[in-house]
Structures are given as structure tokens and as C-alpha cells.
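There are 2 protein chains.
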Amino acid sequence: MKINYANGKKNNLTTVIKTKSLGMLFENRLNLSNEFYLINSIANIHKKPTPIQVVNVEYPKRSRAKITEAYYRTASTTDYNGVYKGKYIDFEAKETINTSFSFSNISKHQLDHLKNIDQLGGIAFIIIYFRKVDEVYIIDIKKFLTLIESDFKSVTSKNIIEYGQRAEIGYCPPINYLKAVDILYSI
Amino acid sequence: MKINYANGKKNNLTTVIKTKSLGMLFENRLNLSNEFYLINSIANIHKKPTPIQVVNVEYPKRSRAKITEAYYRTASTTDYNGVYKGKYIDFEAKETINTSFSFSNISKHQLDHLKNIDQLGGIAFIIIYFRKVDEVYIIDIKKFLTLIESDFKSVTSKNIIEYGQRAEIGYCPPINYLKAVDILYSI
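Taken in order, these protein sequences are the chains called A and B.
The first sequence begins at 1 in the numbering used here and counts up by one.
The second sequence begins at 1 in the numbering used here and counts up by one.
Pasting the structure below:
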């Protein structure tokens with residue numbers, strides 16, 4: 001793993017993460033992890049912006065365009081994608097306050113998208129955060145679909161280890177999910 | 001190349017493209033091309049939503065959330081990314097009404113992003129549409145950066161062929177840029 005402390009940014013990031021990561025939202029911890037991977041030239045993975053349908057925009061004099069009417073749209077893809085070790089990576093991030101994760105929390109179009117990515121040779125998975133026990137797991141889309149087809153309705157933090165790979169929670173990066181990717185996909 | 005006419009969608013798409021592609025915006029033609037690649041299981045490439053900073057949202061009774069104040073933000077990445085033949089693909093699309101494309105049309109953060117993707121083993125390029133001559137070219141980020149470092153300020157539709165690869169313009173897909181990718185990257 002090539003570590004490149006460009007511009008000395010690593011130290012600043014460490015400070016930010018140490019002060020912020022306790023009690024932080026799962027999504028923010030993933031975003032900070034991606035920032036860590038980017039700065040250290042490990043991977044380039046981003047959260048996609050939420051798609052918004054803009055209906056009306058005003059152009060006040062001497063200031064930037066102001067959107068005055070817009071609506072959230074449903075994304076046709078997943079939350080995160082990018083490149084790691086030359087490979088395409090795509091995943092959906094989910095969080096549950098319980099020790100069980102219900103499969104109904106993932107929509108069909110997200111599953112279809114991940115299945116398609118897998119068929120095209122990309123790495124596709126779901127990353128699940130069990131807040132109650134503070135544990136994160138990644139589970140490959142093929143395995144996930146097998147579970148759904150076998151009429152499983154949910155996984156618990158106790159039995160997910162049979163199907164997925166646990167990701168380390170730490171400070172820098174807050175969630176080292178790429179290490180879990182290395183193990184799960186042997187790359 | 002595996003062709004999968006799932007749900008007979010291909011024919012509908014052909015009709016849509018044939019009626020729409022004349023005089024259509026470059027971006028729309030790229031999006032239709034990506035739809036063609038998706039339906040035919042060739043690639044999964046999407047345009048990222050424009051990032052928007054939401055300042056105020058109202059929740060009218062019995063209707064969906066309405067954004068009443070928001071602003072466009074500058075994207076930190078490029079317009080398009082996805083997976084093709086298992087590889088990560090990332091590109092920025094640019095259009096010029098002239099027969100010359102000025103390098104100042106691409107921002108530094110986009111160049112930095114593409115350079116980073118290339119260093120991480122992904123395929124990174126710029127796709128340029130010369131509207132006057134109705135020609136499309138892809139140019140690899142390494143070559144593009146070499147030109148900029150050599151103090152070139154622009155490329156014309158005549159000399160870009162020395163540095164890039166021409167993409168076919170047709171009906172279905174409207175712009176077959178992945179065929180140009182096959183040639184340029186020998187994949």
C-alpha cells in the first residue's frame with residue numbers, strides 16, 4: 001500500500017477524524033474514510049450527489065443562481081462508486097439501529113443495479129452498520145441475492161459473519177472497509 | 001460483445017433515438033448511448049447528478065418535500081463514471097461550437113481528478129464534441145496533460161486525431177464512444 005502524505009494533509013485529517021468520529025453518522029464516517037483513501041492514493045471513491053429535479057431558478061442581480069423550487073428524485077443507482085486497485089467498486093450503505101437488518105430496506109432497483117455491476121465484472125456489495133453493537137459488515141451482492149432467494153427476511157449482527165466480512169472501525173480511516181474488500185474478494 | 005435484448009426494450013430505444021438524435025444536445029446523446037450500453041449489458045455508465053446545496057425545505061401536507069432554497073455547487077469530480085469490461089471508466093464531456101477546443105474549458109480540479117483515476121489504474125479521458133464538423137473524439141488524460149505541459153492552448157478537430165481516437169456518430173448508440181475506448185486502450 002503506497003502511502004502519500006501529500007501537503008501534510010494526513011495530520012490535519014487525523015485530527016479532524018479523532019475529534020469528530022465519536023457519535024458521528026455512518027455516512028459521514030464513510031465519507032471521511034473515502035477522504036483518507038483519496039489523500040493517501042489508495043482509492044478514489046465518492047458518494048454521488050442526491051438527484052434533485054430543479055423546477056424554478058431565479059437569477060438575482062450580482063449573485064449566484066438561486067433555486068426556488070425543486071424536488072428530491074429517487075436515485076437509479078447506488079450511493080457510492082469509484083476505483084480501487086484498478087477495479088470498479090459500487091456499493092450501497094445501510095444503517096440499522098437494531099441488531100437485525102431487514103432486507104426490505106434495500107430497494108429492488110438498487111439490487112438490480114448491483115447485480116448488473118457484478119455481471120459486468122465490477123465489485124458490488126452492501127455495507128451495513130449495526131448501530132447497537134457498533135459493527136460494520138460488507139456482503140457481496142451475489143451472496144445477498146442468494147439469501148433473499150432463500151426466503152431470508154433479515155440478517156442479524158450475529159449471523160452476518162457467515163455471509164459477509166467485518167470491516168474494522170477505527171480512527172483513521174474511521175471505517176476501513178477496503179481492507180474487508182481485500183479479504184472478501186482476494187484482491 | 002454480449003447482446004441482451006431484455007424486455008424487447010431495444011426496439012423502443014431505437015425508435016426513441018432515431019426520432020430524437022438529430023439536433024440533440026451532446027449530453028443527451030451521451031446519455032442515450034449509456035442507456036443503450038446498459039440495456040444491452042455492455043456497460044453501466046451514468047452521468048452523476050449535479051451537486052446542489054439545499055438550504056431550505058418545506059413539507060406541505062399530503063405532498064412530497066419541496067425544496068424552496070438551494071444553490072448549485074461545483075462538482076469535485078467529473079460528469080460520468082461507471083464500469084466497462086470490469087474496468088473503472090471516468091470521463092468529462094465537453095462541447096465546442098468551434099473547430100477548436102480551448103484547454104481553458106477544463107478546470108484544474110477535473111484534470112486532477114482524472115489524473116488520480118489514471119494513477120489508480122482506471123481509464124480516464126476527456127470526450128470532446130466539435131459541433132461545427134459534427135465529430136467526437138476521446139483523448140486520454142495522460143496525453144491531454146502532456147499537451148498542456150507542452151504549452152499547447154487548444155486542439156482543433158483537424159489535429160486532435162494525432163492525440164486521440166475518433167468516436168463513431170450514429171443512431172444506436174448515438175455516440176459509440178466505447179468502441180473508441182476499445183481501440184485507444186486496447187481492451
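A virtual CB, placed ideally from N, CA and C, is assigned to each residue, including glycine.
For Ala70/B, the enclosing beta strand (DSSP E) starts and ends at 66 to 72. Within the region 22 to 46 of chain A, there are no complete beta strand (DSSP E) runs of at least 3 residues. Within the same chain, Cβ atoms closer than 8 Å to the Cβ of Gly170/B are found at Asn176, the five residues on either side in sequence being excluded. Rounded to the nearest angstrom, the Cβ distance from Lys94/B to Ile52/B is 22 Å, too far for a contact under 8 Å.
The criterion of a C-beta distance shorter than 8 Å is not satisfied by Leu120/A and Glu92/A. In the DSSP assignment, Glu162/B falls outside any beta strand (DSSP E) and carries neither an H nor an E.
Within the region 52 to 66 of chain A, contact with chain B at the beta-carbon level (separation under 7 Å) is assigned to Ile52, Arg64, Ala65, Lys66.
No Cβ of chain B is located within less than 8 Å of the beta carbon of Val181/A. By the rule that beta-carbons nearer than 8 Å mark a contact, Val83/B touches chain A. Gly164/B and Asp118/B have their C-alpha atoms roughly 16 Å apart. Nearest Cα to Val83/A within the set Ser63/A, Ser100/A, Ala124/A, Ile67/A: Ala124/A.
Less than 8 Å divides the Cβ of Val133/B from the Cβ of Ser157/B. Distance check between Tyr37/A and each of Pro173/A, Ile183/A, Phe103/A places Pro173/A closest, using alpha-carbon atoms only. Annotated three-state conformation of Thr99/B is coil, per DSSP. In the DSSP annotation of this structure, the continuous segment of the beta strand (DSSP E) that includes Ile138/A starts and ends at 135 to 140.
Among the residues of chain B, none has a CB under 9 Å from the CB of Lys115/A; the nearest is roughly 10 Å distant. In this structure, Ile42/A and Val54/A do not form a Cβ contact; the two beta carbons are roughly 35 Å apart against a cut-off of 8 Å. Note on geometry: alpha-carbon atoms of Ala65/A and Leu178/A lie some 39 Å from one another.
Contact of Leu30/A with chain B by beta-carbon distance below 8 Å is absent, the smallest such distance being about 16 Å.
For Tyr137/B, there are no C-beta contacts with chain A under 7 Å, since the nearest C-beta of that chain is about 23 Å from it. Burial of Lys87/B is indicated by the presence of at least 16 other C-beta atoms within 10 angstroms of its C-beta.
In this structure, the alpha-carbon of Ser104/A lies about 14 Å from that of Ser150/A.
Leaving aside the five residues that flank Glu168/B on each side, the residues in its chain whose CB is nearer than 7 Å to its CB run, in chain order, Asn176, Lys179. Taking the Cα positions, Glu27/A is about 38 Å away from Ser186/B.
Residues of the region 85 to 106 of chain A that bring their beta carbon within less than 9 Å of a beta carbon in chain B comprise Lys85, Gly86, Lys87, Tyr88, Ile89, Asp90, in sequence order.
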